[in-house]
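Here's the structure, in structure tokens; my notes come after.
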Amino acid sequence: MATNHNDTIDRADATETSPLLPPTTPPAHPDQSQPHHENSAASHLRRTLSDASDSSPKKQKTWQQRWPSLLALLILCLGVVLIIVFAFFAPSIVEQYAREAAVFTPRRLSVDGLTSSGARVRVQGEFEMDARRVEKTGVRRLGKFGTWVARYAESGESEVEVSLPEYGNVVLGTAKVPRVVVDLRNGHTTAVDFLADVKPGGKDGLRRMAREWMEGRLGRVRVLGKANVPLKSGIFGFGTQKVSEEMVFEEGDVPAIPEYDIKKINVHETEGDKKGMEADVTLRAFNEWPIDFEVPGLGFEVLVDNCHKSEPWIRVGDALTGKTHVQPKHKVDLHVTGLVKKLPDVLTQDCPDSDKSPLDKMLGNYIRGKENTIYVRGSKSHHSDTPRWITDLISDIVVPVPLPGKAMGHLIRNFTLADTHFSLPDPFAAPNAPESEPRISAKVQALVALPEEMNFNLSASRVRAKADVYYKKKKLGKLDLHKWQPANSTRVEATKHEGPGLMVESLINKAPLNITNEEAFADVLQDMVFGGKGVVMHIKADVDVEVETALGAFVVRRIPAEGEVPVQLVTSPPGRPDHGSNATHNHTLDFGAFLPKITDLNIVNTTASSLTLTALLNLTNPTAYAATIPYLDLHILKNASLLGHATIRDLSIVPGVNENLLVHAVYDPLGMGGDAARKVGREMLSQYISGFNTTLTIKLHEGSLPSLPKLGAVLGRRFEVEIPAPKLEPPPRKPGEPGDGDDDEKKGPHFIEDATFHLLTSTATFTLLSPLRHSLLIIEDLDATAFYKGDDVGRIEYDLPFAVPPVDSEGKGIESPRLPVEWDLGSVGYEAVKNALGGTLKLEAKAEVRVRLGRWREKVWFKGRGIGARVRI
Numbered sequence: 103m104a105t106n107h108n109d110t111i112d113r114a115d116a117t118e119t120s121p122l123l124p125p126t127t128p129p130a131h132p133d134q135s136q137p138h139h140e141n142s143a144a145s146h147l148r149r150t151l152s153d154a155s156d157s158s159p160k161k162q163k164t165w166q167q168r169w170p171s172l173l174a175l176l177i178l179c180l181g182v183v184l185i186i187v188f189a190f191f192a193p194s195i196v197e198q199y200a201r202e203a204a205v206f207t208p209r210r211l212s213v214d215g216l217t218s219s220g221a222r223v224r225v226q227g228e229f230e231m232d233a234r235r236v237e238k239t240g241v242r243r244l245g246k247f248g249t250w251v252a253r254y255a256e257s258g259e260s261e262v263e264v265s266l267p268e269y270g271n272v273v274l275g276t277a278k279v280p281r282v283v284v285d286l287r288n289g290h291t292t293a294v295d296f297l298a299d300v301k302p303g304g305k306d307g308l309r310r311m312a313r314e315w316m317e318g319r320l321g322r323v324r325v326l327g328k329a330n331v332p333l334k335s336g337i338f339g340f341g342t343q344k345v346s347e348e349m350v351f352e353e354g355d356v357p358a359i360p361e362y363d364i365k366k367i368n369v370h371e372t373e374g375d376k377k378g379m380e381a382d383v384t385l386r387a388f389n390e391w392p393i394d395f396e397v398p399g400l401g402f403e404v405l406v407d408n409c410h411k412s413e414p415w416i417r418v419g420d421a422l423t424g425k426t427h428v429q430p431k432h433k434v435d436l437h438v439t440g441l442v443k444k445l446p447d448v449l450t451q452d453c454p455d456s457d458k459s460p461l462d463k464m465l466g467n468y469i470r471g472k473e474n475t476i477y478v479r480g481s482k483s484h485h486s487d488t489p490r491w492i493t494d495l496i497s498d499i500v501v502p503v504p505l506p507g508k509a510m511g512h513l514i515r516n517f518t519l520a521d522t523h524f525s526l527p528d529p530f531a532a533p534n535a536p537e538s539e540p541r542i543s544a545k546v547q548a549l550v551a552l553p554e555e556m557n558f559n560l561s562a563s564r565v566r567a568k569a570d571v572y573y574k575k576k577k578l579g580k581l582d583l584h585k586w587q588p589a590n591s592t593r594v595e596a597t598k599h600e601g602p603g604l605m606v607e608s609l610i611n612k613a614p615l616n617i618t619n620e621e622a623f624a625d626v627l628q629d630m631v632f633g634g635k636g637v638v639m640h641i642k643a644d645v646d647v648e649v650e651t652a653l654g655a656f657v658v659r660r661i662p663a664e665g666e667v668p669v670q671l672v673t674s675p676p677g678r679p680d681h682g683s684n685a686t687h688n689h690t691l692d693f694g695a696f697l698p699k700i701t702d703l704n705i706v707n708t709t710a711s712s713l714t715l716t717a718l719l720n721l722t723n724p725t726a727y728a729a730t731i732p733y734l735d736l737h738i739l740k741n742a743s744l745l746g747h748a749t750i751r752d753l754s755i756v757p758g759v760n761e762n763l764l765v766h767a768v769y770d771p772l773g774m775g776g777d778a779a780r781k782v783g784r785e786m787l788s789q790y791i792s793g794f795n796t797t798l799t800i801k802l803h804e805g806s807l808p809s810l811p812k813l814g815a816v817l818g819r820r821f822e823v824e825i826p827a828p829k830l831e832p833p834p835r836k837p838g839e840p841g842d843g844d845d846d847e848k849k850g851p852h853f854i855e856d857a858t859f860h861l862l863t864s865t866a867t868f869t870l871l872s873p874l875r876h877s878l879l880i881i882e883d884l885d886a887t888a889f890y891k892g893d894d895v896g897r898i899e900y901d902l903p904f905a906v907p908p909v910d911s912e913g914k915g916i917e918s919p920r921l922p923v924e925w926d927l928g929s930v931g932y933e934a935v936k937n938a939l940g941g942t943l944k945l946e947a948k949a950e951v952r953v954r955l956g957r958w959r960e961k962v963w964f965k966g967r968g969i970g971a972r973v974r975i
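So in my numbering, spot 797 of the sequence shown is number 899, and the numbers just go up one at a time.
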């Protein structure tokens, strides 16, 4: 094929400055169309490729000289294509790829040091592009290719600003970040380690956010980060890029306040002359974050709640912390020293609408295991190396600190009442008045357990309490000890089994016992008095203790206390030995052990059917308990018939011998029990004056305790106490007179001193000793028979009244008129009387006598033994 000579150019003449595509010679006939010939770069390229197929050496040499130009052309064409593609599509694709594939794993964040305006923070971590995180295939492929081409990216020194859009765009802080170079290729990891200078932003916004975080109100948080970052990759610079990234932290993403344990508390007095209390506390928490920093020494104010949440907190003291090193994934011990110089008055004063002070509420919650909240507010630090910006930042931040309670159900380990004294209520008190209740006087002993952390002097000066009294799990009443009672205390050191304690003792005087369950109280009396055994009552109390410490005196209120109060009976009176070790515990109380004896009987009023009298009573109290009885009325019965009632007023009974106890009584069987009761009463009087062992039944009734009618009624239904009738003390006699003997007292009272029988006149006279020392007794008639060793001696019938006055000051009785005697002639008894003429003998007598005291009349019988009789002509 023919070619134009101009088309042939010596390849040797081509130089590096020669054009890649040599020019062609214009055709000879420019106006002639040549459809089969191309004078373009494309035709030249085809010829060149055609020449390359020529195997001649000359042609091969020409190809070797041309291939660099061809390769450059291909790269240029490919670059043009890539530029066109990335110009339209790459920015959004690469941005999406970078956002999804970039992974930064923080390994360690530490504070390298504090500055006057912020902190120098060291950030360590790993950067990696992970294409597997990209979901779209096209984005993943183009991103991998683009980052493979770029290989590395470098950010220049920049300043990052972090703000909170929802908090008025308040700036959290700024950080100066140095140059950072990372590998952009997929799967390649770059270790990142740089120092950044961090400065806190607006303090008001930080405090507001911190408060919400502390209070648990920080939910969804939107954080905006902005920076102008110089970027380049290799030799290519991309200028300064404005980077803005927004992150949203949901409620679960925001880190919570770390949990902590109180490992140690030691409360002690301050050293030196200054008064106050110090508390050394060690808190332990776990740092789960990869953060390493050192907290400088800080100062805080310790605040507590006032009476109401709306009122300002009460500052009670200060707290200081030392330097604390926080390591990643490690436990952190924080040592805190608290100092309280004096308790504020507002802390210990009762709230306006309550009888409790703020301190009472805190201590009450603590000892009952309930949680308290104290508040810690930043203040000026006492450490000189603490930057001011830190103290300024925390000065208005208040951190609520839950203070767990310590359930101290056994705070009072032992609670007892000793030397108990029971007093009955005032009968004239108004209903429901404190004076209308029984009263208890005793020594209160309470052993208060002290926490081992309390290593300071503590003493109790006063106590008071409100106690519920139980018996057999039934509440019987309330013991009111609301009045302050002086107390003294002694510290009890710890043992192997128990911690230290404080023994508090106080005397209570006439504390009201409000009986709320009469049936339960009746159970106590039944078991204690009639069951012959001691009883154990249970007390649950809330005790208030006024304590004195180095901070001054304050009250710890409503300390729960429980205790057993054993009450034992002593059945042997003082001076008598007990028979066996159980003599005071396991025997029914014998009322005969009281040894009652009437020393003076006085009739103060009479009616046709009743006697009103007073008596002086001697008795022995065999128990260990004393009692004061302002008023008590008892029914007196015999064989279930009501004969009268006895009343005692302002009576005090002590353990041992009690003398001259005044008792008022009314004997009125007809008026209180009817004719049947009168017959029973007549029989009882006859046995009584004859010296028989007579018993009476006494019981309470609704009117026994006017201020406690229900209790009296219950006790009256459940208890009837049978007691021996008090013996009448006989008038004194001269020693050696007839009738005197060692066994006289055993035979009963002697109302007939002696007798004289006159055989010639068949009469007899008697020396009578009246049992009444103040009243005149009239014998209206009598019908009597005398016996000697069971055989009749004679009979006396006399229907003329004669008086029996009280004995005189010398103890002499009155001689009766001469009474006619009808002898039983021929009887053994009469013969014995005759044989005793001029001497004496002892006779027995039976008589029916009608007596009168004032307006009261009654016919009784009498049996006498051992009556000394003289026989005269």
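Heads up, the beta-carbon is just placed ideally off N, CA and C, and yes, glycines get one too.
| request: Would you please state the rounded distance, in angstroms, between the beta carbons of aspartate 394 and proline 430? I believe it to be under 8 Å. | output: 5 Å
| Limits of the unbroken beta strand (DSSP E) element including tyrosine 573 | 561–573
| message | Tell me which residue opens and which closes the alpha helix (DSSP H) that tryptophan 415 is part of. | response | Run containing tryptophan 415: none; DSSP gives neither H nor E here.
| Those residues which DSSP pairs with valine 397 across a bridge | Thr426
| said: Using 8 Å for Cβ pairs, my map puts asparagine 720 next to threonine 701. What's the rounded Cβ distance? | reply: 6 Å
| What is the residue span of the beta strand (DSSP E) that isoleucine 492 lies within? | Note, isoleucine 492: premise wrong, no beta strand (DSSP E); alpha helix (DSSP H) at 490–496.
| Quick one, are the C-beta atoms of lysine 463 and aspartate 407 less than 9 Å apart? | yes
| said: Between which two residues does the beta strand (DSSP E) holding alanine 381 run? | reply: First-last of the beta strand (DSSP E) with alanine 381: 379–389.
| field | Euclidean distance between Cα positions of threonine 475 and arginine 234 | value | 50 Å
| field | Euclidean distance between Cα positions of arginine 780 and histidine 803 | value | 21 Å
| query | Considering only residues of the same chain and omitting the five flanking positions on each side of arginine 952, which have a CB-CB separation below 6 Å? | reply | Glu882, Asp883 and Lys961
| query | In three-state DSSP terms, what is glycine 341? | reply | strand
| Taking DSSP as the reference, what is the three-state secondary structure of glutamate 620? | helix
| Does DSSP classify aspartate 435 as helix, strand or coil? | strand
| task | Measure the C-alpha to C-alpha separation of arginine 820 and glycine 814 and round it to an integer number of angstroms. | result | 10 Å
| message | Give me, in chain order, the residues of the same chain whose beta-carbon lies closer than 8 Å to that of isoleucine 499; leave out the 5 immediate sequence neighbours on both sides. | response | Arg309, Ala312, Arg313, Met316, Arg479 and Gly480
| field | heavy atom of the ligand FAD below 8 Å from arginine 490 C-beta | value | Among the components modelled here there is no ligand, and therefore nothing to report on the ligand FAD.
| CA-CA distance, glutamate 263 and valine 273? | 7 Å
| field | Bridge partner(s) assigned by DSSP for valine 906 | value | Leu879
| task | Closer than 7 Å by C-beta to arginine 149: which residues in its own chain qualify, once you throw out the five before and the five after it? Chain order, please. | result | Reliability fails at arginine 149, whose pLDDT of 47 lies under 50, so the model's placement of it is uncertain and the value that follows must be treated cautiously. Counting only Cβ-Cβ distances below 7 Å, and skipping sequence neighbours, we find nothing.
| Buried or exposed (CB count within 10 angstroms, at least 16 for buried), methionine 639 | buried
| field | Every unbroken beta strand (DSSP E) inside the region 273–328 [3 residues or more] | value | 282–285 and 291–302
| said: If you follow the alpha helix (DSSP H) that aspartate 777 is in, where does it begin and where does it stop? | reply: 771–791
| Collapsed DSSP secondary structure at asparagine 937 in the structure displayed | Asparagine 937 carries a helical assignment under DSSP once its states are collapsed to helix, strand and coil.
| message | So the candidates are Leu445, Asp435, Gly818 and Ala421; which of them puts its Cα closest to the Cα of lysine 377? | response | Leu445
| message | Tell me the rounded alpha-carbon separation between valine 647 and glycine 471. | response | 19 Å
| request: Output the distance between the C-alpha atoms of aspartate 306 and cysteine 453, rounded to the nearest integer angstrom. | output: 34 Å
| message | Contact defined as beta carbons within less than 8 Å: I believe lysine 278 pairs with alanine 255. What is the distance between those atoms, to the nearest angstrom? | response | Actually they do not touch by this definition, with Cβ atoms about 20 Å apart.
| said: Distance check for valine 331 and serine 346, CA to CA, integer angstroms please. | reply: Approximately 10 Å between the Cα atoms of the pair.
| When the Cβ atoms of the region 651–669 are set against those of the region 728–737, are three or more pairs found closer than 8 Å? | no
| field | Close-in-space but distant-in-sequence residues of the same chain around glycine 805 (CB under 8 Å, 5 per side omitted) | value | Asp735, Pro811 and Gly814
| request: Under 6 Å Cβ to Cβ from valine 626, same chain only, skipping five residues before and after it: list those, please. | output: Tyr573 and Val637
| field | Contact check, glutamate 396 vs threonine 426, beta carbons under 9 Å | value | yes
| Backbone CA spacing between asparagine 557 and threonine 423 [nearest angstrom] | Near 21 Å, if we compare the C-alpha coordinates of threonine 423 and asparagine 557.
| request: Just tell me which of Glu261, Leu807 and Thr518 has its CA closest to the CA of glycine 327. | output: Glu261
| task | Have a look at the DSSP bridge pairing and note the partners of glycine 758. | result | Its beta-bridge partners are Asn723.
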